[in-house]
Amino acid sequence: MSFASDIVQAAWVTGLLALTTTAILLVASPPLSWWIARTGSRWRAPVEALVALPLVLPPTVLGFYLLLAMAPSGPLGAMAQALAGAPLAFTFAGLVIGSIIYSLPFVTGPLASAFRTTDGHLLEAAASLGVAPAVRFLRLVLPMHRKALVAAGVLGFAHTVGEFGIVLMIGGNIPGETRVLSIALFDRVEMLDYAGAHVIAAALLVFSLVVLTFTYRWLRLP
Amino acid sequence: MGRWQAKALAGITTAAALASVGEPLRVAVASNFQSAFASLETGFPGELVATYGSSGLLYAQIVQGRGFDVFLSADADRPRALVDDGRATAPTVYATGRLVLVVNRGEPGARWLSADKRVALANPETAPYGRAALEAMQRLGADAKRINGLNVAQAFHFAASGAADGAFVALAQVVAQDIPPERYWRVPEHLYAPIEQVGVVVAGRNESAARAFLDYLASRSARDLIRQAGYR
Numbered sequence: 002m003s004f005a006s007d008i009v010q011a012a013w014v015t016g017l018l019a020l021t022t023t024a025i026l027l028v029a030s031p032p033l034s035w036w037i038a039r040t041g042s043r044w045r046a047p048v049e050a051l052v053a054l055p056l057v058l059p060p061t062v063l064g065f066y067l068l069l070a071m072a073p074s075g076p077l078g079a080m081a082q083a084l085a086g087a088p089l090a091f092t093f094a095g096l097v098i099g100s101i102i103y104s105l106p107f108v109t110g111p112l113a114s115a116f117r118t119t120d121g122h123l124l125e126a127a128a129s130l131g132v133a134p135a136v137r138f139l140r141l142v143l144p145m146h147r148k149a150l151v152a153a154g155v156l157g158f159a160h161t162v163g164e165f166g167i168v169l170m171i172g173g174n175i176p177g178e179t180r181v182l183s184i185a186l187f188d189r190v191e192m193l194d195y196a197g198a199h200v201i202a203a204a205l206l207v208f209s210l211v212v213l214t215f216t217y218r219w220l221r222l223p
Numbered sequence: 011m012g013r014w015q016a017k018a019l020a021g022i023t024t025a026a027a028l029a030s031v032g033e034p035l036r037v038a039v040a041s042n043f044q045s046a047f048a049s050l051e052t053g054f055p056g057e058l059v060a061t062y063g064s065s066g067l068l069y070a071q072i073v074q075g076r077g078f079d080v081f082l083s084a085d086a087d088r089p090r091a092l093v094d095d096g097r098a099t100a101p102t103v104y105a106t107g108r109l110v111l112v113v114n115r116g117e118p119g120a121r122w123l124s125a126d127k128r129v130a131l132a133n134p135e136t137a138p139y140g141r142a143a144l145e146a147m148q149r150l151g152a153d154a155k156r157i158n159g160l161n162v163a164q165a166f167h168f169a170a171s172g173a174a175d176g177a178f179v180a181l182a183q184v185v186a187q188d189i190p191p192e193r194y195w196r197v198p199e200h201l202y203a204p205i206e207q208v209g210v211v212v213a214g215r216n217e218s219a220a221r222a223f224l225d226y227l228a229s230r231s232a233r234d235l236i237r238q239a240g241y242r
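Note that the protein sequences, when read in sequence, are chains B and W. Using this note's numbering, the first residue of the first sequence is number 2, and each one after it goes up by one. Using this note's numbering, the first residue of the second sequence is number 11, and each one after it goes up by one.
Now the structure itself:
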């Protein structure tokens, strides 16, 4: 395959993976973050630690265990086989699951921090007016923290684009399916195609810098 | 020159070279040769420090100036590139790799490679065993789904984890891992171009000791160990 079509394909897979992961995280993270921010449960610390694990664990550790879990004999793989009749390891769906775990703290963390600053009086007032908890959360809390939501989404997206170790362990480097840009870059280096490697590396660098700059600028806006 | 003469000569040059060098020989070793290298180390009179990795990565490190004295590549292309650039000398085929198909379930062979199977191989674009595996699959018209590992070690891991149904790996790996013969198939050698693994002396201050080490690899005792490890 030509360099250009290989890169376009890898960019497409990368973008689709980051979008899918971010969309799922933006639905799943807010309730979890809210619980973390407001609960008095003794389970808060262990749950928070579990969510934060990808911040400190080498991605290869996650990938190593995920591959075992996603094998047809593993718990996730067996479940996928039973529900969808398809394997999970070396598939796009498998990468999405890996990315959700990997990027979870980057979405859940900022959201939980923002939720801790929620004005309690407002919520109490709404509660006394008989507004249901779920409605309070959707109509009051989320709009209040829309900046944090966008920032968390951008961070989750960018972090997924930058994923390497997990994809390396569970992806299988299949063109058009699991070959993302960071893997394509690694391939170029192995092929001694340093010019191609420069193109991908520079594109990822500029992308990350631009995304972060816009996010920080946007967060500062009144 | 007879075998014994060659061996004696290798011994003399080794001793002479080592007398002049007090430091260990730094050897960059392609990952597929890891277990063979471990058994060869004890037979060499000097101290060796091995760094294992994919040939592409080791090559890149040599070009960037990382100090290695010997490079044992998994292919012939990268050593040739180093020789062409004047970064290395004395290219020698130290081993010829054998490709095998190892499977988790079923009877390994050409028929095993059906469309419902997922078979791992080293990346054909970067790894010689991957290229050989792809060539063999194409000649067999096999339509099993290909999963690309970085190298044969990862291809092996993909199968060992159970995530892939089988893998094309080096015979040396299944020998080192004591895989029972009924679980692997030696891919007939007419199905792929020979995997000639070439070693070179990297230009630098330890060239004579490096040459002695390559001579040692060509000695009869070393050749026996290399053959036992799964090469030809």
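Here a beta-carbon is modelled for each residue, glycine too, at the ideal position from N, C-alpha and C.
Which residues DSSP lists as bridging residue i, in chain order
i, result
"tyrosine 241 of chain W", "W:Gly107"
"glutamate 206 of chain W", "W:Thr106"
"lysine 7 of chain W", "The first residue shown for chain W is 11 and the last is 242, placing residue 7 of chain W beyond what the model contains."
"arginine 115 of chain W", "According to DSSP, arginine 115 of chain W bridges with nothing at all."
"phenylalanine 178 of chain W", "W:Leu111"
"alanine 40 of chain W", "W:Gly63"
"valine 211 of chain W", "W:Val80, W:Thr99"
"leucine 35 of chain W", "W:Leu58"
Same chain only: Cβ atoms within 6 Å of residue i, ignoring 5 sequence neighbours per side
i, result
"leucine 181 of chain W", "Arg108, Val110, Gly240"
"alanine 86 of chain W", "Glu206, Val208"
"alanine 165 of chain W", "Ala130, Leu131, Ala132, Gly159, Ala177, Val179"
"serine 183 of chain B", "Phe165"
"leucine 89 of chain B", "Met71, Leu77, Gly78, Ala81, Gly95"
Cβ shell of residue i (< 7 Å), same chain only, five flanking positions each side left out
i, result
"proline 101 of chain W", "Pro89, Arg90, Val93, Val208, Val210"
"threonine 15 of chain B", "Val162, Val181, Leu182"
"leucine 54 of chain B", "none"
"alanine 12 of chain B", "Leu182"
Test: residue i CB closer than 9 Å to a CB of chain B
i, result
"leucine 181 of chain W", "no"
"asparagine 133 of chain W", "yes"
"tyrosine 139 of chain W", "no"
"threonine 61 of chain W", "no"
"serine 299 of chain W", "One cannot answer for residue 299 of chain W here, as it falls past the ends of chain W, which runs 11 to 242."
"serine 171 of chain W", "yes"
"glycine 66 of chain W", "yes"
"arginine 156 of chain W", "yes"
"leucine 92 of chain W", "no"
Residue i at chain W interface by Cβ criterion, 9 Å
i, result
"threonine 214 of chain B", "no"
"glycine 78 of chain B", "yes"
"proline 88 of chain B", "yes"
"isoleucine 8 of chain B", "no"
"isoleucine 167 of chain B", "no"
"isoleucine 201 of chain B", "no"
"leucine 68 of chain B", "yes"
"valine 94 of chain B", "The question names valine, but residue 94 of chain B in the sequence shown is alanine. No, no contact with chain W."
"leucine 210 of chain B", "no"
"serine 183 of chain B", "no"
"alanine 11 of chain B", "no"
C-beta contact flag for residue i and residue j at 9 Å
i, j, result
"glutamate 164 of chain B", "serine 209 of chain B", "no"
"phenylalanine 93 of chain B", "leucine 18 of chain B", "yes"
"lysine 127 of chain W", "alanine 163 of chain W", "no"
"threonine 61 of chain B", "glycine 166 of chain B", "yes"
"alanine 137 of chain W", "serine 64 of chain W", "yes"
"tryptophan 44 of chain B", "alanine 113 of chain B", "no"
"isoleucine 175 of chain B", "isoleucine 8 of chain B", "no"
"proline 118 of chain W", "glutamate 199 of chain W", "no"
Cutoff 8 Å; reference residue i; Cβ partners in own chain excluding five residues on either side
i, result
"isoleucine 25 of chain B", "Val97, Ile101"
"alanine 106 of chain W", "What sits at residue 106 of chain W in the sequence shown is threonine, not alanine. Correct list, in chain order: Pro204, Ile205, Glu206, Gln207, Tyr241, Arg242."
"alanine 213 of chain W", "Gly96, Arg97, Ala98, Thr99"
"glycine 53 of chain W", "Tyr226, Ser231, Ala232, Leu235"
Validate contact between the region 182-199 of chain B and the region 118-132 of chain B using beta carbons, cut 8 Å, 3 pairs | no
Validate contact between the region 71-78 of chain W and the region 34-45 of chain W using beta carbons, cut 8 Å, 3 pairs | Counting Cβ pairs under 8 Å, three or more are found: they touch.
Taking three-plus beta-carbon pairs below 8 Å as touching, is the region 60-80 of chain B in contact with the region 136-148 of chain B?
-> no
State whether the region 211-221 of chain B contacts the region 146-160 of chain B, with contact taken as three or more CB pairs (one from each stretch) at a distance under 8 Å.
-> yes
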